[in-house]
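This report concerns only the one structure given below.
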Amino acid sequence: MALCNYITLVGKVTPCGRSPDYPGQVECITLEDCTKDVPGHLSTLGLSADEGSRTEMKLLLARAGVFSFEQKHLTLTICPRHRADFGIRWRTRKTLCAIPKDLATHKSSSAKGSNRVDSRKSMYIFCNTNTLVPVGSPICRRCDEFICRQVADEQTPAEGAGASAVSTPKEPRVVHEMETGRPGEESSAGSESSSDGLETDLMFLEISSQGLKDDETFLSPDTASLVSSTSEESIISKPNSREKLNEYLVSKNIEPVSQPWVEWEKASDSTKLWYTRRTAEIFSSVLHDLTPSCAGSLWQAVVSYPAMNEALGLDELSETSKCYLQVLAEAYNKAHGWDTRRQILSMMCGVSNYNDISRFIPGLSRYRFTIANLHRLQHGSGASVTPQPSSKIRVDPRQLDHYLSYITSPHLVQDLPFGQKTLKLSSGQLVEVPNVIRTMIPQRIVRQYTQYCKETGFEAFSERTMLRVLNECKASTRKSLQGLDYFAADGARAFDELEGLVLQLGELGLGKEWQVRYVKSLKVAKFYLKGDFKVHVSSSSPVASHCSVFALSDTEDSDLRQQCKHNHNELCDHCESLHSTLNDISTAVDEASFTTEEDKDEALFLVSSATLAIQSWKCHLLRSTHQDQARLDVIDALNSGTVFIVNDWAMKFLPQRYRESQTDWFGKRGISWHISVVYRRIEGVLQWQAFIHVIQSCTQGISAVTAIMQHVLATLKQEYPEINKAHFRQDNAGCYHSSRTLMKCQEISANTGVKIVRVDFSDPQGGKGAADRLAASCKSHIRAFINEGHDVCTASDLKEALLSHGGLEGVRVVSLDTIEETPDDVQTITGITKLNNFEFSSVGSFSCWRAYSVGQGKVIKIEKSSSGPGQGILQPSFSAGDFRSYKSTPHKSSGEENVAEETASIERGQAAGVYSCPQDGCTRVFQRLSALEKHLSLKNVPGYQKKFFNGLGKIGYKSYLEEGVGKLPSLQAPVRQEDSRVSLKEGWALRVVRKAYRFSEKQKSYLLSKFRIRQTTGHKLDAEVVAREMRRARGTDGARLFQSSEFLTTTQITSFFSRQSALVRQRDPDEADIRAAQEESNFSEAKETVASIQLDHPLIYDQYDLCEMALNDSLKILKLPMLQHMCEDLGLDIPSKPMRKKAPYLALLKEIVSKCTCQKSSWC
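In this note's numbering, the protein residues as written are 59 to 1222.
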């Protein structure tokens, strides 16, 4: 079917064809012959015929975007399909307002189109937005009223003005919206003759078939676009140059260019691609005609030729770009900081080059332009970059290393067997460190370190820097050390009791001033023992209370005694103050007038027990400090053939499930696991690895310890044949500190090929160290494994947890079912509990010391070796692993310092480098090429990285805590040159072996009565409460039951209750117990109900069970004073005047007993 001329107006929205209503019509007719009824069609749309749509011809032209009628339009042909689609068969499925967004006045995006667009409104919209809204399209009420007012104000002429508006040069192309949503293309509206029009139609169809039909530049959101009519003159004026170009193109069999192309900025991507293909085809043809052999070289030369850019106007800025740069340049000049200027300049870099921008910003350096352009590429134009906080290292790394060594020394930190701390570096990396307790507050640590530096002549940090390091290097701070060291716990409790006693003495007549002075003295003394005393201890101190050799020499054994080479002619002010404070408080108690004799005896007992506890704490601190020197000496002497092993049993691990019910929670049996931490030194670098034995069932006895020691040494010898000597350090547990364990050492040496040189024991409660730190890390690793959904209920599960995710670095694990305890008859070492250091220098004997290196040592010959069967080496092998080196704090070399200096401005965040390091793994950038070359010359590029002050401190802190070999510094105490007034005896700090104390019958009877009450009521008694009640207990005659010399301590009472509980558990239940338990189960609910409204059974007064005494009729054995005290303390209604007979008091007691549940319940 022939193409109609009407398609040149509407584009290829729908192809030419037959009408769906009249398929028999196939011929095109002219617009002059289109005379169908239009008012009927418009009435169906809710419109009335106006001047622009009165006839079918005008309606067809208006829906094609032609609002000016001319005579030439009469001869345009139209096919049946276009006549139906754009004529009276035109329909719209839209219900929303069709007005373009830039003209619409409705606020909602879903405004309903209640009215319709007529020809005047369609022409107004078309002239102002270049978008054709066809006649009959929906329009909302608000937009309709607005456009009607605009049309009335402008009084736009019906046709002539419309044509002028459409064909003016300001409107070079027309966009037409239709319902089909298919694109058209720009073309001329008419031609001088019908042949020219047909030629234009064919050209349009050809262009559309080659890809312009997808051009979305001409699409509105709702409908497709058609091409409007332009003025006839624009079509007639075709330049001669294009005709000659087309003649050349035809000669080369290239499709000619029939009309000017769309502006590049307004073309879509597909249109630009088609233009590029056509232009490349034309250019390549011209270049091959000019230089057939080197067309490519000529093209590259033309592209790089500067005159080419000038000829095409590429170096000139558009008016929009000039306005944009001018505004930004004004903002740049008014900005104060370089950060703001860099953001503004980065926006300008995306618009033009350096030469253009420098015309708007005179004096702009190329460096700043480059930095701003880099900012645009890295962060985006105008993006705000939050500066990262950075700290310049202005301290000597030696100072930092010295300070970290001090704050991790044993007198300031105590290890914990549980928990970890997480430190965050400036890079965002998280570092886990063992949890430790810091025993002093930060200000006191700083003050002590400052004094230490003054004495040693070392230049210290500023106080602010030291506090900052302590704040970043986290540690737990505890006010009480209960559960860690019972010497410290008892000593701290003793100070608290003395403080309470001082307050009581002040109220008894000594006055407020005396109170304040001695409370302050007690606090100062307590802080001194917790902090400074340990650093004042020395083996060569002229102060008798600080000299460890003098304090730990055994005067009863010359082998364990050592004569000091110095005189003790100085006194410590703190020690003297503590001694005088305790004496003054004791004297004040003796001279004070207490209300009763009981109060005075109790006060005397408190003073004597508190003084003993404080003295024991002081002795313990001195012994711990001295014994720790053995560990330090061994570590200093380590080499590739000698190892140092720290042994300890970790707290039993209770099985845990990921999801655990209440029934699973009760009745758990712990899993034993033993930790052995091995140290050695290779080429001056300290290395370590740990061996963990996980045992399902074990008594943690001597046989298990010796088997583990032998297994570890055999593994080390097998994997590291150069190891031939071993030193052991262990705590004072009975499985380590026993004759059997020590006698087995030489046998273990012979079986493994590794000689055990020394075995050193820490002071009781002073052996926290490497094993406890490792246990804390292991527990955190196990907890993470359980949280992932796993159960840890057996030894194999525990091993799997420890090895999960690659395990812990340097930790090797083995799991065992059990280690049987075997009897062995060996030689007993006399007084082994007093001996703490053992050296196996020769076969058949060994030397021992009570304190490390004090005296020449006592030689003990092995007269009787092990008579039992030889213990074989455990067969299971450890998991894979190796020694791990401790990483020291890195120090900068001179070359690195120079590189850091070159890149200082970059690291401060003030600029960014332009020379990046080419090595893989290195992210450094530099400002100058010389800095990059110097950086590469270090030959350790990937490892070189920036570390801030806090990061260096945290990494060093972690290293010192893991290494655990910090030495205890020695400070000089404030002393005065005098002869000692305190007659300290030689060996005053030696641990005293307490003799067994047998309780009297009266003491046992009292404690047993308390224990039976606990068994009856089910309420656990606090030993400390029982100790206080014991000091005021009375007998049946009302007199005091115990004298001050018979008072028992909390520890003694706790031990007694423990022994009684063990005896009860060992007894088999008899028939009466079973029946009682059954009855208790059957009637428990009834008992609880009765107990809630009546007196609970039994009625107890001190150690007397009133219910039982009333039942046995034994209340009458109580003396009259006791009955009076009892009735008065129970709050009974006693006679106002004391009576000399028992009967009234007995009656009151029997009356209250009669109200007890035991008298009214059948089960009591």
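Positions of the beta carbon are idealized from the N, C-alpha and C atoms, including for glycine.
- Leu610 and Ala688 have their C-alpha atoms spaced approximately 15 Å apart.
- Inter-segment contact for the segment 899-915 and the segment 779-790 is absent: fewer than three beta-carbon pairs are separated by less than 8 Å.
- By the Cβ neighbour-count rule, Cys381 is exposed, with fewer than 16 other Cβ atoms within 10 Å of its own.
- In summary, Lys1060 is exposed, with fewer than 16 beta-carbon neighbours lying within 10 Å of its beta-carbon over all protein chains present.
- The beta carbon of Ser873 lies closer than 6 Å to those of Val752, Ala853, Ser854 and Lys857 in the same chain, with the five residues before and after it left out.
- Contiguous alpha helix (DSSP H) elements confined to the segment 847-902 occur at 853-861, taking only those with 4 or more residues.
- Along the segment 697-771, the alpha helix (DSSP H) occurs as fully enclosed runs of 4 or more residues at 720-723, listed in sequence order.
- If you draw a 10 Å sphere on the C-beta of Ile740, you find fewer than 16 other C-beta atoms in it, and that means exposed.
- In the three-state reduction of the DSSP assignment, Glu780 falls in the coil class, being assigned neither a helical nor a strand state.
- Per DSSP, the continuous beta strand (DSSP E) segment holding Lys916 begins and ends at Lys916 to Lys919.
- Under the 8 Å Cβ criterion, the segment 187-201 counts as touching the segment 158-167, having at least three qualifying pairs.
- Cβ-Cβ distances below 6 Å link Leu636 to Ala583 in the same chain, with the five nearest sequence neighbours on each side left out; the list follows chain order.
- Rounded to the nearest whole angstrom, the C-alpha separation of Leu744 and Ser935 is 25 Å.
- In the three-state DSSP reduction, Cys1214 falls in the strand class (E or B).
- Trp396 is the residue among Trp396, Lys1208, Thr466 and Ser423 whose C-alpha sits nearest the C-alpha of Ser442.
- Less than 8 Å separates the beta-carbon of Cys86 from that of Cys62.
- Here Lys1078 carries a coil assignment [DSSP, helix/strand/coil].
- Under the three-state reduction of DSSP output, Ile197 falls in the strand class.
- Taking C-beta atoms under 8 Å as the contact rule, Cys155 and Pro196 qualify, at a distance of about 6 Å.
- Burial is judged here by how many other beta carbons sit within 10 angstroms of a residue's own beta carbon; Met1088 has at least 16 and is buried.
- Assignment of Gln823 by DSSP, reduced to helix, strand and coil, places it in the coil class.
- Spatial neighbours of Gly1096 in its own chain (CB-CB distance under 7 Å, excluding positions within 5 residues in sequence) are listed in chain order as Lys1177, Pro1179, Met1180 and His1183.
- Going by beta carbons, Ala120 and Ser111 fall inside the 8 Å limit.
- DSSP places Arg174 within a strand segment (E or B) once states are collapsed to three.
- Residue burial annotation: Arg738 is buried, with at least 16 other C-beta atoms found within 10 angstroms of its C-beta.
- With a cutoff of 8 Å on beta-carbon distance, Ile760 and Gly699 are scored as not near each other.
- Membership of Cys630 in any alpha helix (DSSP H) is not indicated; the residue belongs instead to the beta strand (DSSP E) covering Glu628 to Cys630.
- DSSP places Arg1098 in the strand class (E or B) of the three-state scheme.
- Within the DSSP bridge table, the entry for Tyr1159 names Tyr1162 as partners.
- Around the beta carbon of Cys793, a 10 Å sphere encloses 16 or more other beta carbons of the protein chains shown; the residue is thus reported as buried.
- Using a Cβ-Cβ distance cut-off of 8 Å, the segment 703-721 and the segment 664-678 are not in contact, since fewer than three pairs of beta carbons, one from each stretch, lie closer than that value.
- Residue range Leu1178 to Asp1187 is occupied by the alpha helix (DSSP H) that includes Glu1186.
- With contacts defined by Cβ atoms closer than 8 Å, Leu866 and Val812 do not form a contacting pair.
- If you look at Cys836, you'll find it in the alpha helix (DSSP H) that goes Ala828 to Asn845.
- Between Phe1069 and Gln1118, the C-beta spacing is below 8 Å.
- When the beta-carbon positions are compared, Arg434 and Leu470 stay at least 8 Å from each other.
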